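Sequence order for the protein chains is Y and A.
Mapping to the working numbering: the first sequence position 71 is 71, numbers consecutive.
Mapping to the working numbering: the second sequence position 135 is 135, numbers consecutive.
Even glycine gets a Cβ: it sits at the ideal position worked out from N, Cα and C.
Note that this is a predicted model, so its numbers are computed, not measured.
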Amino acid sequence: MNPDYELPLDEAAYSFGFLDEYAKREVRRCILKAISIPGYQTPYASREMPMGRGFGTGGLQVTLSLIGQNDVLKVIDQGSDDSVNAVSLRQFVELTCPGIDTTESTVDATLIQSRHRIPEKALTEDQVLVLQVPYPDPLVLVEPSEARRKVMHGEGDYSRILTKLYEDLVHFDEITISHRYPTRINGHYVIDPSPIPRYDVPQLHQSKALVLLGAGREKKIYAVPPYTQAEPLVFDDVPFRIEDFTNAQGQRYACVRCGAVDSYLDEIMPADSQERAQKFWQCSDSDYCNQQLAQHKLLAGEAA
Amino acid sequence: MKKILEVRGLSKIYGRGCPQCFESTGPEADTNICHHCGSVVAAHNVSLDLHEGEILGIMGESGSGKSTVVKNLFFDEAPTAGEAIFFDNAQGAQQWDMFALNAARQRWLRNHRFGMVYQNPHLGLNFNVSAGGNIAERLLMSDISHYGDIRERARQLLARTEVLIERMDESPKKFSGGMQQRVQIAKALATRPPLLYLDEVTTGLDLSVQARILDLILEIQQELRTAMIVVTHDLGVIRLLAGRTLVMKYGRVIESGLTDQILEDPQHAYTQRLVASAL
């Protein structure tokens, strides 16, 4: 227990960061273990949060145990700062951690909690990325028994995941995993990197920022420490491919809003349209899109 | 001839076991259930030697412990007592004390050096992936990770075991029993293991299919010099395949020797009855 601890000024009946100090300490201890054994799924006592499991409680507990008065928090949901999940999580942290700052800018944030995306802008050594994880174990698809999965992880036996990839290649001529691509960390443990698209997987490799992955329902925390190898599972002669967003003519779609051709795009079909022609593409990372727009305006202003 | 496997005093008890277990079971006691503690003594004091390229038969009625011996040697189960030494001639005459190894090392041996064909294809094959995928799985377990190579090897193996190549990407679910058994043999042979265990491979197949599978096994033995332990209750299979044979009853080896001798001149009363009762 923190001896200097004081109740927040509003005399709320809970500690700074909602979780009590013991709970936060336990989570931090598990985070340390997860960092020491890169990719290992550390079990922890996932607490009840005032929201349903599956709404990011794992990531939230990691965030709440790490956040301090000097932190600047950014919360993203599928790249966007303004979607429901991001907004409610941000409001919850603002409510329970008085005095912290929140931001929508990737560069300004010290702590980033994200659902299903890694920010487009490369992270720095001073930043920590927390990812929300629904299914932490990549072996769950091929082995139902957790006891046996633990042995398989311990022995580094991932041949059955590779068999799945083989089957994909046989039936579809390519690997069809679009997100949650099994990734080997530091040459041993294979993790489920949360439902980030394949596009984001290379960002984990030798990442400057610490990446923490928290699963609330499954009660597991694991980590990709800074400057650690993260290699997607592949065959020697079938290289890993990311989404390329090209049309039939091989041209890359550009963001309809900012014109970027180097970002992960969302494919958007207006709800009332039946025609494919009306489909458009837009940056999934809203902060990146805004930055690009601002830069264009700046350049246009200088030119004028 | 180089020795490949040496088993000494292998015992397996299912249940908690007690000091009287071994005395109160066996052919003399006419049971394999210990009446003191209720444990089942599935195998006791089984010793055998196997040489390169040799086929050893284990025969006996159901419940005699023949499958238990093979399961222990393939690390499907851990024995209660005994030791087994595997002579790995591929890596400069190394010796492995099989039951003293850790789990990872045992798994390595199992994936790289041994092969197993079960009576029931459901035990040996993964029915959720294609026939080729089953072979790929075994190759991937032995650290081969080149897709083109894996595909080529799977194709060769299935061709060798006379499974239609056009059907290699189908699930073995859609195959006949004989074909499933062929896929299992192809899978077991994928890593060219020096030692193969065959547990009742032909049981439940019709006679013409049986004959072709037995032919295949003999061809493989001639071609690759694979040592095999063949477990069966079928005297015909023993006669055709095995050079030497063990006869088991209630977990004990009651007779062993050259197959011809055992079948033509059985010494033990039980073996005599077994041979006489064959159709």
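Open item on the list: What does the alpha-carbon distance come out to for the pair residue 254(Y) and residue 281(Y)?
Closed with: 7 angstroms
Open item on the list: Just to confirm the assignment: which complete alpha helix (DSSP H) runs, minimum length 4, are found wholly within the segment 142-179 of chain A?
Closed with: 147-160
TODO: Taking residue 44(A) as part of the beta strand (DSSP E), name the residues at either end of that continuous run.
DONE: 40-51
Task: Pick from 189(Y), 231(Y) and 178(Y) that is closest to residue 158(Y), judged by C-alpha positions - done: 189(Y)
- [ ] Please confirm whether residue 57(A) and residue 271(A) have their CB atoms less than 8 angstroms apart.
- [x] no
Task: Rounded straight-line distance, which links the Cα of residue 83(A) to that of residue 112(Y) - done: 56 angstroms
Task: Residues near residue 55(A) in its chain [Cβ-Cβ closer than 7 angstroms; skip 5 each side] - done: 221, 228, 230, 241, 242 and 243
Open item on the list: Distance check for residue 142(A) and residue 61(Y), CA to CA, integer angstroms please.
Closed with: 40 angstroms
- [ ] Throw me the rounded Cβ distance for the residue 130(A) and residue 170(Y) pair, which I believe falls under 8 angstroms.
- [x] 6 angstroms
Task: Own chain partners of residue 170(A) with C-beta closer than 8 angstroms, once the 5 adjacent residues on each side are dropped - done: 130 and 131
Open item on the list: Are the CB atoms of residue 216(Y) and residue 58(Y) within a distance shorter than 8 angstroms?
Closed with: yes
Open item on the list: For a contact defined as C-beta to C-beta under 8 angstroms, what are the partners of residue 200(Y) on chain A?
Closed with: Chain A residues near residue 200(Y): none, gap ~24 angstroms exceeds 8 angstroms.
- [ ] Would you be able to state if there are at least three C-beta pairs under 8 angstroms between the segment 292-299 of chain Y and the segment 65-84 of chain A?
- [x] no
TODO: Spell out a yes or no on whether the segment 99-117 of chain Y and the segment 68-82 of chain Y are touching, meaning 3 or more CB-CB pairs, one atom from each, closer than 8 angstroms.
DONE: yes
TODO: Out of 247(Y), 33(Y) and 104(Y), state which residue places its alpha-carbon closest to the alpha-carbon of residue 41(Y).
DONE: 33(Y)
Task: Beta-carbon neighbours of residue 160(Y), restricted to chain A and to distances below 7 angstroms - done: 137
Task: Contact set between the segment 92-122 of chain A and chain Y, restricted to residues whose Cβ is under 8 angstroms from the partner - done: 103, 104 and 107
- [ ] Examine chain Y for any beta-carbon lying closer than 8 angstroms to the beta-carbon of residue 215(A), and answer yes or no.
- [x] no
TODO: Please report the residue range of the alpha helix (DSSP H) in which residue 61(Y) lies.
DONE: 57-66
- [ ] Scan the segment 157-181 of chain A for residues whose Cβ lies nearer than 9 angstroms to a Cβ of chain Y and list them as they occur along the chain.
- [x] 168 and 169
Open item on the list: Quick check: what's the CA-CA separation for residue 91(A) versus residue 31(Y)?
Closed with: 43 angstroms
Open item on the list: Taking a contact to mean a Cβ-Cβ separation below 8 angstroms, would you say residue 87(Y) touches residue 63(Y) in this structure?
Closed with: no
Open item on the list: Alpha carbons only, please: which of 301(Y), 304(Y), 265(Y) and 278(Y) is nearest the one belonging to residue 80(Y)?
Closed with: 265(Y)
Open item on the list: Output needed for residue 22(Y): all residues of its chain with C-beta closer than 6 angstroms, excluding positions within five of it in sequence on either side, in chain order.
Closed with: none
Task: Test item: CB-CB of residue 117(A) and residue 198(A) under 8 angstroms - done: yes
- [ ] Run down chain A in chain order and give the residues with a C-beta less than 7 angstroms from the C-beta of residue 237(Y).
- [x] 146, 147 and 148
Task: Residue environment, residue 1(Y), which counts as buried when at least 16 other CB atoms sit within 10 Å - done: Since pLDDT at residue 1(Y) reaches only 49, below the 50 mark, its modelled position is unreliable, and no value is offered.
Task: For residue 164(Y), three-class secondary structure by DSSP - done: helix
Open item on the list: In the DSSP output, which residue or residues are listed as bridge partners for residue 73(Y)?
Closed with: 102(Y) and 111(Y)
Open item on the list: Quick check on the burial criterion: 16 or more other C-beta atoms within 10 angstroms. Buried or exposed for residue 1(A)?
Closed with: exposed
- [ ] Take the Cβ of residue 277(A) as the centre, count every other Cβ of all protein chains shown within 10 Å, and call the residue buried at 16 or more, exposed below.
- [x] exposed
Task: Cutoff 8 angstroms: residue 124(A) Cβ touching any chain Y Cβ - done: no
Task: Any chain Y beta carbon closer than 8 angstroms to residue 183(A) - done: no
TODO: Count the other C-beta atoms from every protein chain shown that fall within 10 angstroms of the C-beta of residue 268(Y), then say buried if there are 16 or more, exposed otherwise.
DONE: exposed
Open item on the list: With a threshold of 8 angstroms between beta carbons, is residue 163(Y) in contact with chain A?
Closed with: yes
Task: Through-space distance from residue 194(Y) to residue 9(Y), alpha-carbon basis - done: Low local confidence applies: a pLDDT of 49 at residue 9(Y) is under 50, so the model's placement there is unreliable, with the coordinate-based value given in what follows. Their Cα atoms are separated by approximately 37 angstroms.
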